[in-house]
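Take a look at the structure set out below.
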Amino acid sequence: MSTAPPITADRVQKFIEDLEAQKKIVSKCTKLFTTLTNHFTSLQNSLSQKSHSLDAKFLSLSSKFFQTLESLSQREYSLPDRESAAAAHIETLKEAAFAEFKDPKGSAQLSDTLKSLARRMDSAGLVKFIVSKRKESVPLRAEISVALSEAVDPHRLVLEAFEDFVSQKSGKTLGLTDKRWACGMLVHALFPESSWKEKKGKGPEFSRNIGERAAEVVDRWKGQLDGEKEGLTPGEAVMFLHMVVGFELKERFDEGFLRKLVLDFSSRRDMAKLAAALGFEDKMGDIIDELVKNGKEIEAVYFARAAGLTERFPPVSLLKSYQENSKKNATTILKNGNYSAAATEESKNVELNSIKAIIKCVEDHKLESEFSTDLLRKRATQLEKVKSDRKKSSAAAGKPQNKRSHSAGSARGSGPPAFRPAKAAKFSNAYPPFNRRNPAPSAQQSPAARFSAQYNYVGQNVFEAPTVPYASAYGVTHSQSPAAVTQQHYVHPVENLGVSGFPTSGAYGGQTSYVAYDYGSAAPSVFQPSSSTQ
């Protein structure tokens with residue numbers, strides 16, 4: 001009878017090690033099985049999602065297919081009506097042209113001249129005439145829209161004007177600023193804001209040949225813009241995007257390039273609506289977030305209102321954020337300038353511009369019930385008064401001393417001083433107050449009456465003073481009447497004028513900030529005029 005081997009500690013230890021090795025193998029197999037199960041489950045879910053996505057896209061494509069077929073059918077059925085309407089329109093234009101040829105006398109009215117140039121398809125003459133009537137920009141805008149309807153092909157007329165502008169831009173011809181403004185007026189009249197929404201789902205209103213020509217012009221224009229990014233003006237950027245929207249050329253350009261133009265020139269009023277017309281509706285939230293990060297909360301309010309995202313981006317919260325950031329920026333300006341006079345003046349200008357921007361934004365979106373502007377208006381009035389008083393004191397302090405007139409027999413420094421009447425002060429405003437434009441008659445004697453009398457000098461004989469007024473010694477005729485003082489009219493620089501004739505820079509009131517101010521304890525400032533201005 002065999003006996004079992006004795007159980008020793010080594011055998012037990014070996015048995016336990018075998019169990020541990022098998023346990024590890026089972027654990028690895030379990031983990032591998034779990035990993036494989038999760039992987040196959042993920043693949044199944046991904047395939048299911050892709051299948052649902054394909055089904056949704058197929059349904060959407062099918063719906064668009066039927067909509068396109070219906071649209072094509074409607075366009076086909078409407079061809080006879082459109083053809084008859086076009087023929088009637090051409091006949092009307094023909095009669096108007098014949099009437100104009102029969103009457104060679106040109107009309108001096110603005111509308112008649114614009115219509116005549118449009119009927120003749122004279123793009124160069126039209127641009128030249130618009131430039132000559134730049135001071136009448138308000139009535140000119142409405143008349144251009146009416147005049148373009150008189151043209152046989154309005155799109156070709158405007159496109160030829162742009163071709164001439166782009167060609168001259170490459171050659172750096174003089175007068176490009178005026179031509180740029182005139183072309184902007186034409187493209188705004190040809191593609192008004194209301195037409196951007198009406199274009200969705202409709203075919204182009206111009207021929208394929210015109211579309212190809214427009215694409216070539218805009219491509220050349222983009223090449224010029226890439227070479228002068230630093231000198232690109234807001235008006236030209238808006239005009240470029242307007243052409244892209246009007247002639248449906250978005251697919252020809254990189255989305256990043258168009259988005260960069262929108263962000264860089266977001267201060268323009270119509271930029272938010274242009275962004276929506278360019279197809280950025282789904283990405284408008286990201287654009288607004290980027291504007292807020294860059295400290296452009298005022299622009300973000302306009303973009304949020306245009307995109308219908310006011311619930312996600314409340315206008316009042318954005319305005320308060322802009323106000324707080326402006327306070328910090330103004331304080332930084334003062335600290336960096338060591339609270340000098342120049343830093344204080346810059347800080348006040350920043351404060352005034354930011355207050356104007358906030359007030360304008362509140363008025364445009366009718367937020368008076370949610371965001372009160374009473375204290376801001378009072379503060380703006382105070383800053384305007386301080387700025388005006390500072391200009392007046394600076395003008396008075398910078399006046400040169402009046403020179404004395406000397407007769408032929410008098411020596412410099414001898415005899416009594418000759419008092420000249422005070423010169424009329426110059427004002428920064430082109431329309432001075434009424435009491436300065438019509439001063440009361442002075443009781444002082446005229447220079448001719450004072451200097452025509454005899455006077456005894458010590459050690460000299462009596463002599464007759466000249467009877468000519470003292471001012472004639474300088475070769476000019478003196479007059480105390482304010483009418484003799486040429487008024488100084490200050491106009492905006494041509495580069496800053498937009499299409500509507502108003503300044504383009506800071507379209508929302510300026511992208512600036514203002515210094516911290518306790519509006520609750522505001523008190524009207526009292527200004528004491530200096531003795532030199534009294």
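One point on numbering: in the UniProt record's numbering, the residue at position 25 of the sequence shown is 25, and numbering is uninterrupted. By construction, the Cβ of each residue, glycine as well, lies at the ideal position given by its N, Cα and C atoms. If you're wondering where the values come from, they're calculated on a predicted model, not measured in any experiment.
Residue i: which of the options sits nearest, CA to CA?
i      : options                        : result
Pro204 : Thr113, Ser71, Glu248, Ala161  : Glu248
Ala275 : Lys293, Met239, Asn294         : Met239
Asn325 : Arg305, Thr310, Ile355, Glu345 : Ile355
Glu351 : His365, Leu376, Asp364, Tyr339 : Leu376
Ala300 : Lys335, Ala357, Ser340, Gly279 : Ala357
Arg180 : Ser194, Ser195, Phe191, Phe162 : Phe162
Glu370 : Glu345, Leu318, Lys327         : Leu318
Lys273 : Glu255, Ile298, Val245         : Val245
Asp270 : Lys250, Phe313, Glu236         : Glu236
Asp169 : Tyr339, Lys283, Val217         : The amino acid at residue 169 is misidentified as Asp; the sequence shows Lys. Checked all of Tyr339, Lys283, Val217; the closest Cα to Lys169 is Val217.
Phe206 : Leu225, Asp153, Ser60          : Asp153
Ile298 : Ala277, Lys283, Lys320         : Lys320
Leu381 : Ser393, Asn349, Asp226         : For the record, residue 381 in the displayed sequence is Thr; it is not Leu. Of Ser393, Asn349, Asp226, the residue nearest in Cα terms is Asn349.
Arg379 : Ser394, Ser145, Asn353         : Asn353
Leu148 : Leu19, Val127, Asn45, Asn336   : Val127
Val131 : Lys94, Thr37, Cys183           : Cys183
Leu261 : Ile287, Ser84, Ser394          : Ile287
Arg120 : Lys133, Phe129, Leu36, Ala97   : Ala97
Arg220 : Glu193, Asn209, Ser194, Phe253 : Phe253
Buried or exposed for residue i, going by 16 or more other Cβ atoms inside 10 Å?
i           : result
Cys29       : exposed
Ala483      : Reliability fails at Ala483, whose pLDDT of 39 lies under 50, so the model's placement of it is uncertain and the value that follows must be treated cautiously. It counts as exposed.
Lys296      : buried
residue 535 : Outside the displayed span of the chain (1 to 534) sits residue 535, for which this structure offers no information.
Tyr77       : exposed
Ala214      : buried
His39       : exposed
Pro80       : exposed
Lys31       : exposed
Gly171      : exposed
Asp264      : exposed
Ala139      : The sequence given here places Pro at residue 139; Ala does not occur at that position. Classification of Pro139: exposed, given that the 10 Å Cβ count is below 16.
Tyr322      : buried
Thr92       : exposed
Lys14       : exposed
Ser266      : buried
Ala155      : Sequence inspection shows His at residue 155; the Ala mentioned does not correspond to that position. Per the 10 Å Cβ criterion, buried.
Phe502      : Here the model assigns Phe502 a pLDDT of 40, short of 50, so the residue's position is not dependable, and the following value carries that caveat. Result: exposed.
Phe257      : exposed
Glu384      : exposed
Ala397      : exposed
Ala87       : exposed
Phe191      : buried
Thr68       : exposed
Thr41       : exposed
Thr113      : buried
Ala307      : buried
Ala277      : buried
Ala330      : buried
Ile16       : exposed
Assuming residue i contacts residue j (C-beta within less than 8 Å), just tell me the rounded distance between them.
i      : j      : result
Pro234 : Arg268 : 5 Å
Ala124 : Asp164 : 6 Å
Phe303 : Leu291 : 7 Å
Ser347 : Ile359 : 19 Å between Cβ atoms; not a contact.
Glu150 : Lys115 : 5 Å
Pro315 : His365 : 6 Å
Val362 : Thr373 : 5 Å
Leu186 : Val158 : 5 Å
Glu143 : Ser111 : 5 Å
Arg305 : Gly285 : Their Cβ separation, rounded to whole angstroms, is 13 Å, which puts Arg305 and Gly285 out of contact at 8 Å.
Asp178 : Arg134 : 7 Å
Within the 8 Å Cβ cut-off, does residue i reach chain D?
i      : result
Asp289 : Included in the structure is just one protein chain, with no chain D present.
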